[in-house]
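Structure first, then comments.
In UniProt numbering, the protein residues as written are 1 to 218.
Encoded structure:
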């Protein structure tokens, strides 16, 4: 069950692509993308500072966004590579599946947007300067395709949330290779908590959960 290259059985085409609900930008020129020169994708830039100092998944990977913006606030497309220059292997897929739980950040209002909504008597989902932590409660990972032994430099992510309610959200993460083949599907349950739940001083050592938050303004 763990050696995908030896699996046998019925295989049928399903016509799956990332066209639904919206198509991602064109596949990048990876040589240009590495130098942030691709016409369709650009490298993510993160604020540096104490508030993000322990978000190691943002330090260990380099992320690329559609230059025209994300398809919707609930659908996030990215290309990702390891900052170290190493390649993704089968052992990396759990990390990749869990490296981008930041869908809430697409809903972050600017100060001007928040002020305008308040002036119109509309509710603001959270303050513009709120800083969140997104711990993973449940993660399921189904690997669909074996990666080559030498690994892959690039992987594509599509992250979607179907409901964000009362500080809890679901995530579906699709991982694809450079050719658009589906590598893995992951489903999550994540919490949306104030960052003080993670940054408060503790009596003993570092927590592995600190890897994924806070990540405001991403």
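We put the beta carbon where it would ideally sit given N, CA and C, even for glycine.
Treat the numbers as computed from the prediction; the structure is a model and nothing was measured.
According to DSSP, is residue i helix, strand or coil?
i: residue 57; result: helix
i: residue 78; result: strand
i: residue 88; result: strand
i: residue 180; result: coil
i: residue 186; result: strand
i: residue 73; result: coil
i: residue 44; result: coil
Can you name, in chain order, every residue of its own chain whose Cβ lies under 7 Å from the Cβ of residue i, other than the five neighbours on each side?
i: residue 184; result: 93, 97, 141, 142, 143, 144 and 175
i: residue 5; result: 146
i: residue 36; result: 42 and 43
Rounded to a whole number of angstroms, what is the C-alpha to C-alpha distance between residue i and residue j?
i: residue 194; j: residue 78; result: 25 Å
i: residue 186; j: residue 159; result: 9 Å
i: residue 105; j: residue 114; result: 14 Å
i: residue 54; j: residue 122; result: Its pLDDT being 49, under 50, residue 54 is placed unreliably in this model, and the value from its coordinates should be taken loosely. Those two C-alpha atoms are separated by around 35 Å.
i: residue 59; j: residue 83; result: 7 Å
i: residue 112; j: residue 169; result: 26 Å
i: residue 153; j: residue 126; result: 37 Å
i: residue 136; j: residue 101; result: 8 Å
i: residue 23; j: residue 76; result: 11 Å
Can you give the beta carbon distance from residue i to residue j, rounded, assuming they're within the 8 Å contact cut?
i: residue 67; j: residue 42; result: 5 Å
i: residue 188; j: residue 139; result: 5 Å
i: residue 81; j: residue 61; result: 7 Å
Among the residues of its own chain, which have a CB less than 8 Å from the CB of residue i, if the five just before and after it don't count?
i: residue 165; result: none
Which residues in the same chain as residue i place their Cβ atom closer than 6 Å to its Cβ, once the five residues preceding and following it in sequence are excluded?
i: residue 156; result: 79 and 176
i: residue 235; result: Residue coverage of the chain in this structure runs from 1 to 218, which leaves residue 235 outside it and unanswerable.
If you measure from the CB of residue i, is any heavy atom of the ligand NAP nearer than 8 Å?
i: residue 181; result: Although the ligand NAP was asked about, the structure shown includes no ligands whatsoever.
Original post:
Along the chain, which unbroken stretches of the beta strand (DSSP E) at least 3 residues long are found entirely within the stretch 99-159?
Top reply: Counting whole runs of 3 or more residues, the stretch 99-159 contains the beta strand (DSSP E) stretches 136-143.
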